[in-house]
Amino acid sequence: MRRAGTARLTRLTIRRPDDWHLHLRDGAALRAVLPFSAARFARAIVMPNLTPAVTTTAQALDYRRRILAALPAHLKFEPLMTLYLTDDTPAAEVDRAKDSGCVFGFKLYPAGATTHSESGVTDIGRIAAVLARMAELDMVLQVHGEVTDPAVDVFDREARFIERTLAPLVERLPALRVVFEHITTRAAVEFVRGARPGVAATVTPQHLLMNRNALFAGGIRPHHYCAPVLKAEGDRAALLEAVARGEPRFFLGTDSAPHARAAKEAACGCAGIFSAHGGIELYAEAFEAAGALDKLEGFAALNGADFYRLPHNSGTITLLREPWDVPGHYPFAAEQLVPLRAGERIAWRLAP
Ligand code: DOR
Ligand code: ZN
2 MRRAGTARLT RLTIRRPDDW HLHLRDGAAL RAVLPFSAAR FARAIVMPNL TPAVTTTAQA
62 LDYRRRILAA LPAHLKFEPL MTLYLTDDTP AAEVDRAKDS GCVFGFKLYP AGATTHSESG
122 VTDIGRIAAV LARMAELDMV LQVHGEVTDP AVDVFDREAR FIERTLAPLV ERLPALRVVF
182 EHITTRAAVE FVRGARPGVA ATVTPQHLLM NRNALFAGGI RPHHYCAPVL KAEGDRAALL
242 EAVARGEPRF FLGTDSAPHA RAAKEAACGC AGIFSAHGGI ELYAEAFEAA GALDKLEGFA
302 ALNGADFYRL PHNSGTITLL REPWDVPGHY PFAAEQLVPL RAGERIAWRL AP
């Protein structure tokens with residue numbers, strides 16, 4: 002990392018980062034959001050929760066082609082694909098995925114845990130053979146870590162998932178590499194820190210910058226609603242502390258998840274926060290607040306690549322400490338997309 006400025010850092014150049022958890026959607030929505038990510042990130046793990054879900058290597062290769070076709074000519078970006086696990090995923094799909102060279106993991110959505118997770122896994126026992134094959138072929142498991150038991154309080158679903166599912170799983174399959182996606186709690190931070198090698202976590206900007214009060218600030222705030230939901234201040238502080246210490250098991254995954262304004266501002270609004278317009282800048286804010294801008298590069302550009310055993314990117318990006326006004330909405334196919342911080346400011350800007 003190169004620095005300039007004296008009293009306060011005003012310019013920060015880091016190796017080009019990657020986004021290890023991203024929702025790009027498809028069709029016109031894909032075309033609307035992809036340029037934001039591609040302007041900042043060299044690569045991203047592209048989540049497979051389309052309708053229908055991306056469950057096979059063949060579907061992932063088709064989706065990858067559609068993403069590349071939607072990429073503006075002046076941008077370079079490499080989509081890294083992952084397959085959506087269902088109760089019926091055959092173990093042979095792991096071999097096909099590995100052989101493709103384009104699929105880098107399998108995503109476990111407990112059925113019903115979040116947006117478009119209806120075809121997810123109803124019982125982890127049903128995918129035992131698939132998980133065993135993943136461990137053999139060194140294919141990464143990406144986990145949406147929440148129990149779906151409606152009797153469990155929504156704020157406790159991640160912690161219960163660790164106890165009931167994730168901790169037993171990582172012990173049962175010691176060779177399986179696991180990314181605990183978008184962690185939100187102190188319990189998750191402590192679990193990942195203390196877990197065996199081969200267990201890591203992604204962290205979103207919203208879970209570093211906001212706590213659950215942001216859901217109710219002045220009224221109900223649907224654009225702050227995501228899954229897993231924002232947690233208490235102590236949880237946010239634990240996440241920020243882990244990344245600010247530069248712990249290598251934690252890395253960047255925005256979970257940028259666009260939904261049309263009407264689907265968010267509704268009686269039963271969708272989970273998902275769109276953050277790709279500030280996909281690195283928002284993290285710079287969080288790291289600056291923690292006095293840890295020197296740890297941003299590791300979090301954003303090194304730790305994830307090392308975990309996935311991929312090379313570091315060769316280029317750099319530069320961030321300027323110049324606040325800018327986020328628009329109230331961006332175009333989103335025929336609809337509107339309300340971004341995180343709509344009508345407010347982000348403190349860092351990506352240099353042109
Ligand atoms: O808030 C979320 N939105 N969480 C998820 O797990 C899925 C995502 C989406 O696809 O909208
Ligand atoms: Zn996600």
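When we follow this note's numbering, the leftmost residue of the sequence shown carries the number 2, and every step to the right adds one. For each residue, glycine too, the CB sits at the ideal point set by N, CA and C.
- In this structure, Glu159 places its C-beta atom within 9 Å of the C-beta atom of Thr185.
- Here the C-alpha atom of Pro249 lies approximately 15 Å from the C-alpha atom of His183.
- As computed with DSSP, Ala45 is found in a beta bridge with Asp20, Pro80.
- In this chain, the beta strand (DSSP E) harbouring Leu253 covers 251 to 253.
- Annotation: Ala352 to Glu289 spans about 17 Å, alpha carbon to alpha carbon.
- In the structure shown, Ala201 falls within a strand segment according to DSSP collapsed to helix, strand and coil.
- For Arg65, same chain residues with a beta-carbon under 7 Å away, outside a window of 5 residues either side, are Pro80, Met82, Cys103 in chain order.
- Contact between the segment 274 to 289 and the segment 313 to 333 is present: 3 or more CB-CB pairs across the two stretches fall below 8 Å.
- In this structure, Glu234 keeps its C-beta atom at 9 Å or more from the C-beta atom of Arg197.
- Note that the C-beta distance between Leu338 and Pro332 is below 9 Å.
- Collapsing the DSSP output to three states places Arg32 in a helix.
- Excluding the 5 residues flanking it on each side, Val55 has same chain C-beta neighbours closer than 7 Å at Pro49, Ala61, Tyr64, Leu84, Tyr85, in chain order.
- Below 8 Å, too few C-beta pairs join the segment 92 to 101 and the segment 111 to 119 to call them touching: fewer than three.
- Taken atom to atom, the span from the alpha-carbon of Ala45 to that of Trp349 is near 21 Å.
- Between Phe107 and Met135, the C-beta spacing is below 9 Å.
- For Ala30, the shortest separation between its Cβ and any heavy atom of ligand 2 does not lie below 8 Å.
- Distances taken from the Cβ of His224 to the heavy atoms of ligand 1 include none shorter than 8 Å.
- Runs of the alpha helix (DSSP H) lying entirely within the segment 135 to 188 and spanning at least 4 residues, in chain order: 158 to 162, 168 to 173.
- Short note on Asp236: C-beta not closer than 8 Å to any heavy atom of ligand 2.
- Tyr309 and Val141 have their alpha carbons spaced roughly 8 Å apart.
- Counting the other CB atoms within 10 Å of its CB gives Leu25 a total of 16 or more, which places it among the buried residues.
- In this structure, the CA atom of Ile68 is about 12 Å from the CA atom of Ser38.
- The straight-line gap separating the alpha-carbon atoms of Asn304 and Leu297 is approximately 10 Å.
- For Pro332, the secondary structure class from DSSP, reduced to helix, strand or coil, is strand.
- Membership of Thr58 in the alpha helix (DSSP H) is indicated by the continuous run 58 to 71.
- Take Lys99, set aside five residues on each side of it, and the residues of its chain with a beta-carbon closer than 7 Å to its own are Leu138, Met140, in chain order.
- Distances taken from the Cβ of Thr115 to the heavy atoms of ligand 1 include one shorter than 8 Å.
- Nearest to Glu242 by alpha-carbon distance, out of Glu282, Thr203, Phe192, Arg187, is Arg187.
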